[in-house]
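Numbering (the numbering used here), first residue to last: 80 to 234.
Backbone N, C-alpha and C fix where the C-beta goes; we use that ideal spot for every residue, glycine too.
The structure displayed is predicted, hence computed values, not measured ones.
Input: a single structure, listed below in structure tokens.
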């Protein structure tokens, strides 16, 4: 995924965001010496831990989602279509990353977590049309990890 020579600096912050927002990414390009470095400020919703008791797996999935936002901004993907890019090209990569961090998580659960926040994409809409039962299972699985009904609770 990161096979280009893009320069990214990611800084992570935690603060309360709206209940429906798990994270937010802002990008600032800084040009120097003919190269552009992207400073990415990634904010995670502190309520994932304090209000929703989200699982560690859910939080890692959120971090991966936001890092991919940062990467897509750096390679100049239009922010209006970045979730489409994620849905079409990054779900399996995100699921693989989740499994790297949590080797015992099932492939289905890792993939469900990877779909988190990508529900307005074209790929998601196609999944809902072609396999509504599978799409509902993904939503249910995400909700369970968001509330720690599944996964590893944060201490």
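Given residue i as reference, the closest of the options once Cα atoms are compared
| i | options | result |
| --- | --- | --- |
| residue 227 | 143, 154, 135 and 99 | 135 |
| residue 187 | 229, 148, 205 and 199 | 229 |
| residue 104 | 222, 203, 179 and 143 | 143 |
| residue 161 | 212, 174 and 196 | 196 |
| residue 168 | 157, 147 and 222 | 147 |
| residue 223 | 132, 113 and 110 | 132 |
| residue 198 | 170, 156, 92 and 157 | 170 |
Residue j beta carbon less than 8 Å from that of residue i
| i | j | result |
| --- | --- | --- |
| residue 106 | residue 153 | yes |
| residue 177 | residue 193 | yes |
| residue 119 | residue 96 | no |
| residue 102 | residue 164 | no |
| residue 137 | residue 225 | yes |
| residue 220 | residue 191 | yes |
| residue 122 | residue 94 | yes |
| residue 173 | residue 214 | no |
| residue 237 | residue 200 | Summary: the structure shown does not reach residue 237, with the chain confined to residues 80 through 234, and so no result is reported for it. |
Cβ neighbours of residue i in the same chain (closer than 6 Å, five flanking residues each side left out)
| i | result |
| --- | --- |
| residue 108 | 115 and 117 |
| residue 217 | 191 and 194 |
| residue 181 | 136 |
| residue 179 | none |
| residue 206 | 214 |
Neighbourhood of residue i by C-beta, 8 Å cutoff - its chain only, sequence neighbours within 5 removed
| i | result |
| --- | --- |
| residue 90 | 118, 119, 120 and 121 |
| residue 126 | 95, 96 and 98 |
| residue 175 | 189 |
| residue 100 | 124 |
| residue 92 | 120, 121, 122 and 123 |
Cutoff 8 Å: residue i Cβ touching any chain D Cβ
| i | result |
| --- | --- |
| residue 221 | Of the protein chains in this structure there is only one, and it is not chain D. |
Same chain, Cβ closer than 7 Å to residue i, neighbours up to 5 away in sequence not counted
| i | result |
| --- | --- |
| residue 231 | 134, 135 and 136 |
Heavy atom of the ligand ZN within 7 Å of residue i beta-carbon
| i | result |
| --- | --- |
| residue 202 | The ligand ZN is not part of this structure, which contains no ligands at all. |
I'd like the ranges of any beta strand (DSSP E) spanning at least 3 consecutive residues and lying wholly in the stretch 164-194. You should have found no qualifying run.
Ignoring anything shorter than 3 residues, give me the beta strand (DSSP E) runs that lie fully in the stretch 95-164, in order along the chain. Segments of the beta strand (DSSP E) lying fully in the stretch 95-164: 102-111 and 114-124.
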